[in-house]
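Trainee: Numbering (our numbering), first residue to last: 762 to 928.
Ideal Cβ positions, reconstructed from N, Cα and C, are used throughout, including at glycine.
Since this is a predicted model, take the numbers as computed values, not measurements.
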């Protein structure tokens with residue numbers, strides 16, 4: 762099983778909580794304007810994260826088609842089942858054919874079912890790391906994303922699959 766999903770991050774993501782000396786207020790700083798969102802696209806197997814990429818803006822059919830062709834297909838093995846949600850971009854022309862030519866098949870999750878997708882736990886871990894890192898420039902964000910993906914272990918992946926009921 763290969764689970765695929767996308768998530769959005771932006772500059773200035775900060776922790777939502779903090780500690781201060783008794784009677785003092787927690788103060789933190791974040792940019793006043795939110796820059797354009799960065800979209801993360803990735804896939805996860807039971808033992809590792811594969812095929813990760815990021816780009817500015819949202820997921821369109823053409824961007825998703827490019828991701829599948831250039832990033833996902835080289836990672837697929839014959840017999841894989843690619844599981845994804847029902848985002849309109851996932852139904853773009855040629856997506857199913859490209860995945861079928863790699864010897865894999867597609868399975869779409871039912872609507873509103875993030876509990877069935879173990880990659881949602883990956884996004885939770887990634888966003889917690891990004892809030893801790895506090896990237897304020899795109900260069901910092903790229904570095905933080907690289908480090909966050911590198912921090913994911915095979916044990917994390919197995920546990921996320923088990924939590925979703927697949928192990």
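What residue ranges within the stretch 801-830 form continuous beta strand (DSSP E) runs of no fewer than 3 residues, ordered along the chain?
Mentor: List check, beta strand (DSSP E) in window: 810-817.
Trainee: Hey, out of 915, 813 and 918, whose CA is closest to residue 799's CA?
Mentor: That would be 813, whose Cα lies nearest to the Cα of residue 799.
Trainee: Among residues of its own chain, excluding the 5 on either side of residue 865, which ones have a beta-carbon nearer than 8 Å to its beta-carbon?
Mentor: The residues are 763, 837, 838, 839, 840, 841, 842 and 843.
Trainee: Below 8 Å, can you find three or more Cβ-Cβ pairs linking the stretch 763-779 to the stretch 895-915?
Mentor: Segments in contact, yes.
Trainee: Evaluate contact between the stretch 844-858 and the stretch 870-883, counting only Cβ atoms and requiring at least three cross-stretch pairs below 8 Å.
Mentor: Because the criterion of three Cβ pairs below 8 Å is met, the stretch 844-858 and the stretch 870-883 touch.
Trainee: Run the CB neighbour count on residue 885, radius 10 Å, all protein chains shown included, and call it buried at 16 or more, exposed below.
Mentor: Label assigned to residue 885: exposed.
Trainee: Output the boundary residues of the beta strand (DSSP E) element that contains residue 867.
Mentor: Taken as a continuous stretch (DSSP letters only), the beta strand (DSSP E) holding residue 867 covers 866-869.
Trainee: In the DSSP assignment, find the unbroken beta strand (DSSP E) run with residue 768 in it and report its ends.
Mentor: Looking at the DSSP string, the run of the beta strand (DSSP E) that includes residue 768 is 763-770.
Trainee: Alpha carbon to alpha carbon, what distance is there between residue 904 and residue 832?
Mentor: Each residue's Cα considered, the two are about 20 Å apart.
Trainee: So if DSSP puts residue 753 in a beta bridge, which residue, or which two residues, is it bridged to?
Mentor: Outside the displayed range of the chain (762 to 928) lies residue 753, so it cannot be described from this structure.
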